[in-house]
Amino acid sequence: MSSNLFEYLLILGDNSMILAHRLSELCGHGPSLETDIALTNTSLDLYGQVRNYFQYAAEIAPEQPGASEDSIAFLRRERQYRNCILLEQPNVDFAHVIVRQFLFDAFQNLQLEALLQSSDSQIAAIAEKSLKESRYHLRFSSEWLKRLGDGTETSHQKTQTALDYLYPFVHEFFDETEIEEIAAKEGYGAKLADLKPGFESILKEGIESATLKIPDSKPRFAQGKLGIHTEQMGYILAELQFMQRAYPNLQW
Amino acid sequence: MVAADFNIPDPAVETALSAVKDPEVPVLSIFDLGVVREVEVRDKHVAIKLTPTYSGCPAMDTIAMDIRTELAAIGYTCQIEMVLSPAWSTDWISEEGCRKLEEYGIASPLSAEMDKRVLLDGERLLPCPQCKSTNTKMISQFGSTACKALFRCEDCLETFDYFKCLK
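Read top to bottom, the protein sequences are chains A and B.
If you're matching positions, the first sequence starts at 44 in this note's numbering and goes up one per residue.
If you're matching positions, the second sequence starts at 5 in this note's numbering and goes up one per residue.
Laid out in structure tokens, this is it:
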């Protein structure tokens with residue numbers, strides 16, 4: 044049980060961490076000062092959530108004496124990361140950044156709402172804390188989605204292109220792994236199928252009000268939660284892990 | 005809650021803790037900010053429970069370090085525990101804290117309903133901390149830190165931070 048809880052915390056934490064890393068790449072590179080600050084602040088919120096998940100995971104880590112939030116974040120191998128592959132997709136342009144953010148925020152809002160009812164009081168507490176931030180992120184990304192989609196011809200086109208590319212990844216959110224199935228059955232995790240109607244309605248409203256079209260493309264094959272990642276992941280880990288690999292146990 | 009609400013038996017401990025400020029808003033003590041949940045003093049040891057403002061707020065680590073330093077200076081050891089639930093809300097900033105924010109040049113949190121109207125609908129309701137005019141305009145939902153938004157007063161032309169309402 045403890046081991047499944049550990050793996051479940053990795054699924055929750057890794058989604059936030061890999062997206063936080065992608066957003067941190069924009070520090071000093073945002074399209075304007077305000078959006079630069081907004082995206083890096085969002086990154087910071089997500090990293091804060093990750094710390095909460097991983098501190099808890101380190102406490103209950105099965106057969107891993109000496110595990111810490113840092114060792115969990117930095118010292119795993121690629122196959123041991125459990126994020127959905129949507130979150131490792133590159134920034135490309137501002138439209139990709141906003142669409143990826145919107146798709147994740149919509150899912151994370153619903154997931155955190157469900158986790159408020161978790162039978163595990165620590166998960167419920169982290170969800171309560173994170174939800175306030177996640178709602179704010181969703182507000183930000185929905186507004187920008189609307190502004191870009193319903194903006195100029197060029198911004199509309201770029202945003203539709205980003206949506207066409209990223210939308211097929213969202214189905215992985217709802218592909219239930221054995222870890223999530225057990226978590227839901229034992230009461231500490233969220234039942235993914237229950238989140239789907241809410242997710243579809245947030246997407247429909249957000250995308251339509253941005254005058255964009257939901258692509259009717261097929262789901263993309265994705266097994267990020269099982270540790271099978273895209274080629275993007277190697278580049279992310281190379282940067283994310285460099286300091287701890289080069290200088291083991293380095294303290295900031 | 006203000007420092008007095010905690011009934012800290014040793015006034016030296018109360019003074020030391022009141023000297024710990026939010027590093028991002030150095031006029032606010034940790035009591036003004038409302039992050040202190042419990043203080044327990046036993047002999048020369050203090051056990052403190054803190055609630056983080058935002059999950060990723062880097063100020064929390066600095067605050068914990070400053071608490072240790074201040075207490076060590078008066079010969080106390082301490083243990084700090086972070087409590088996530090119930091989650092911090094801007095309602096926990098004390099009245100004194102809000103007054104200090106305004107004096108420092110940061111607009112204090114509005115009610116949740118008014119907050120939504122200024123941040124989402126662009127309504128001009130937020131009083132400028134410098135000249136008190138409400139002819140103010142949002143420049144960015146995020147300001148110098150995650151907890152603040154950036155505004156400009158159209159009358160005195162000053163830009164200022166607004167401490168966003170978080171419920």
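C-beta: ideal position from N, C-alpha, C; glycine also.
For chain A, find out if any of its Cβ atoms is closer than 8 Å to the Cβ of Leu170 of chain B; answer yes or no.
Stepping through the second sequence from its first residue, residue 170 of chain B is reached at position 166. Taking Cβ atoms only, chain A reaches closer than 8 Å to Leu170 of chain B, which makes this a yes.
With distance defined between alpha-carbon atoms, name the residue in B:Ala150, B:Leu123, B:Leu170 and B:Lys171 nearest to Arg156 of chain B.
As a first step, residue 156 of chain B is located in the second sequence; it is residue number 152 there, counting from the start. When each option's Cα is compared against that of Arg156 of chain B, the closest is B:Leu123.
Which residues in the same chain as Gly147 of chain B place their Cβ atom closer than 8 Å to its Cβ, once the five residues preceding and following it in sequence are excluded?
Mapped onto the second sequence, residue 147 of chain B falls at position 143. Result list for Gly147 of chain B: Ala153, Leu154, Asp165 and Tyr166, in chain order.
List the residues of chain A whose Cβ lies closer than 8 Å to the Cβ of Ile143 of chain B, in chain order.
What you label residue 143 of chain B is simply residue 139 of the second sequence in a count that begins at 1. Neighbours of Ile143 of chain B on chain A, chain order: Glu77.
Less than 8 Å between C-beta atoms, sequence neighbours within five positions excluded: which residues of the same chain meet that for Leu209 of chain A?
Taking the first sequence and counting its residues from 1, the one referred to as residue 209 of chain A is at position 166. For Leu209 of chain A, where only same-chain residues beyond five positions count, the Cβ hits under 8 Å are Leu129, Gln132, His139, Val142, Arg143 and Leu146.
Where does Glu107 of chain B sit, in a helix, a strand or coil, going by DSSP?
Numbered from its first residue, the second sequence carries residue 107 of chain B at position 103. Helix, per DSSP.
Would Phe183 of chain A count as contacting chain B if we go by Cβ distances under 8 Å?
Against the first sequence, residue 183 of chain A aligns to sequence position 140. Chain B contact via Cβ: present.
Suppose the cutoff is 8 Å on Cβ atoms and the five residues either side in sequence are ignored; what does the same chain contact list for Met44 of chain A look like?
Counting from one through the first sequence, the residue named residue 44 of chain A turns up at place 1. Confidence is the limiting factor: at Met44 of chain A the pLDDT is only 45, short of 50, which leaves the residue's position unreliable, though a coordinate-based value still follows. Contacts found: Glu229.
At which residues does the alpha helix (DSSP H) containing Met5 of chain B begin and terminate?
Against the second sequence, residue 5 of chain B aligns to sequence position 1. No alpha helix (DSSP H) holds Met5 of chain B; DSSP gives it neither H nor E.
At the level of alpha carbons, what is the spacing between Arg306 of chain A and Arg72 of chain B?
Here chain A covers residues 44 to 295 and nothing more, so residue 306 of chain A does not appear.
Report buried or exposed for Gln145 of chain B, applying the criterion of at least 16 other Cβ atoms within 10 angstroms of its Cβ.
For the purposes of this step, residue 145 of chain B is taken as residue 141 along the second sequence, with counting starting at 1. By the neighbour-count rule (16 or more Cβ atoms within 10 Å), Gln145 of chain B is buried.
Cβ of Cys157 of chain B less than 8 Å from any chain A Cβ?
Along the second sequence, one-based indexing puts residue 157 of chain B at 153. It does not: the Cβ of Cys157 of chain B has no partner Cβ on chain A nearer than 8 Å.
Provide the residue span of the beta strand (DSSP E) that contains His72 of chain A, from first to last.
Mapped onto the first sequence, residue 72 of chain A falls at position 29. Taken as a continuous stretch (DSSP letters only), His72 of chain A belongs to no beta strand (DSSP E), as it is neither H nor E.
Buried or exposed for His72 of chain A, going by 16 or more other Cβ atoms inside 10 Å?
Residue numbering aside, residue 72 of chain A sits at position 29 when the first sequence is read from its first letter. His72 of chain A should be labelled exposed.
If we define contact as Cβ-Cβ less than 8 Å, is Ser33 of chain B a contact residue for chain A?
Indexing the second sequence from 1 puts residue 33 of chain B at position 29. No, Ser33 of chain B lies away from the interface with chain A (no Cβ there is under 8 Å from its Cβ).
Quick one, which residues of the stretch 55-82 of chain B are near chain A if we go by CB-CB under 8 Å, in chain order?
Result list: Pro56, Tyr58, Ser59, Gly60, Cys61 and Pro62.
Using a C-beta to C-beta distance shorter than 8 Å, which residues of chain B count as neighbours of Ser173 of chain A?
As a first step, residue 173 of chain A must be located in the first sequence, where it is residue number 130. Simply Ser59.
Among B:Pro90, B:Lys141, B:Cys169 and B:Glu162, which one has its Cα closest to the Cα of Lys120 of chain B?
Looking up residue 120 of chain B in the second sequence gives position 116. Comparing Cα positions, the closest option is B:Cys169.
Can you check which of these residues, A:Asn95, A:Ala233, A:Arg119 and A:Phe183, is closest to Ser162 of chain A by C-alpha distance?
Translated into the one-based positions of the first sequence, residue 162 of chain A becomes position 119. Closest option to Ser162 of chain A, Cα to Cα, is A:Ala233.
Could you name the residues of chain A that Ser89 of chain B contacts, counting a contact when the two beta carbons are closer than 8 Å?
As a first step, residue 89 of chain B is located in the second sequence; it is residue number 85 there, counting from the start. Ser164, Ala167, Ala168, Glu171 and Lys172, listed in chain order.
Please report the distance separating the alpha-carbon of Gln294 of chain A from that of Gln83 of chain B.
Along the first sequence, read from residue 1 onward, the residue named residue 294 of chain A stands at position 251. Along the second sequence, read from residue 1 onward, the residue named residue 83 of chain B stands at position 79. If I take the Cα positions, the gap works out to 21 Å.
Output yes or no for whether 8 Å exceeds the beta carbon distance between Ile103 of chain A and Ile222 of chain A.
To locate residue 103 of chain A, count along the first sequence from 1; it is residue 60. To locate residue 222 of chain A, count along the first sequence from 1; it is residue 179. Not a contact, by the Cβ cut-off of 8 Å.
Closer than 7 Å by beta-carbon distance: list the chain B residues that pair up with Glu176 of chain A, in chain order.
Against the first sequence, residue 176 of chain A aligns to sequence position 133. Within 7 Å Cβ-Cβ: Tyr58 and Ser59.
Please confirm if Leu87 of chain A has its CB atom under 8 Å from at least one CB of chain B.
Residue numbering aside, residue 87 of chain A sits at position 44 when the first sequence is read from its first letter. Leu87 of chain A counts as touching chain B.
Going by other Cβ atoms of all chains shown within 10 Å of its Cβ, with 16 needed for buried, is Asn292 of chain A buried or exposed?
By one-based count along the first sequence, residue 292 of chain A stands at place 249. So Asn292 of chain A counts as exposed.
State buried or exposed for Gln160 of chain A, treating a residue as buried only when at least 16 other CB atoms are found within 10 Å of its CB.
Position 117 of the first sequence holds residue 160 of chain A. Counting Cβ neighbours within 10 Å, Gln160 of chain A comes out exposed, since fewer than 16 surround it.
Should Glu156 of chain A and Leu181 of chain A be called a contact, given that it needs their Cβ atoms to be closer than 8 Å?
The residue given as residue 156 of chain A occupies position 113 in the first sequence. The residue given as residue 181 of chain A occupies position 138 in the first sequence. No, they are not a contact pair.
Indicate the three-state DSSP secondary structure (helix, strand or coil) for Phe137 of chain A in the structure shown.
Looking up residue 137 of chain A in the first sequence gives position 94. If DSSP states are grouped into helix, strand and coil, Phe137 of chain A belongs with the helices.
Out of B:Ile52, B:Ala116, B:Asp125 and B:Gln134, point me to the one whose CA is closest to Gly109 of chain B's CA.
The residue given as residue 109 of chain B occupies position 105 in the second sequence. Out of B:Ile52, B:Ala116, B:Asp125 and B:Gln134, B:Gln134 has the C-alpha closest to the C-alpha of Gly109 of chain B.
When you compare the CB positions of Ala170 of chain A and Leu158 of chain A, do they come within less than 8 Å of one another, or not?
On the first sequence, residue 170 of chain A is found 127 positions in, with the first residue counted as 1. On the first sequence, residue 158 of chain A is found 115 positions in, with the first residue counted as 1. In this structure, Leu158 of chain A lies closer than 8 Å to Ala170 of chain A by Cβ.
For Leu37 of chain B versus Gly101 of chain B, is the C-beta spacing smaller than 8 Å?
Numbered from 1 along the second sequence, position 33 holds the residue referred to as residue 37 of chain B. Numbered from 1 along the second sequence, position 97 holds the residue referred to as residue 101 of chain B. It is a contact, given that the beta carbons lie within the stated cut-off.
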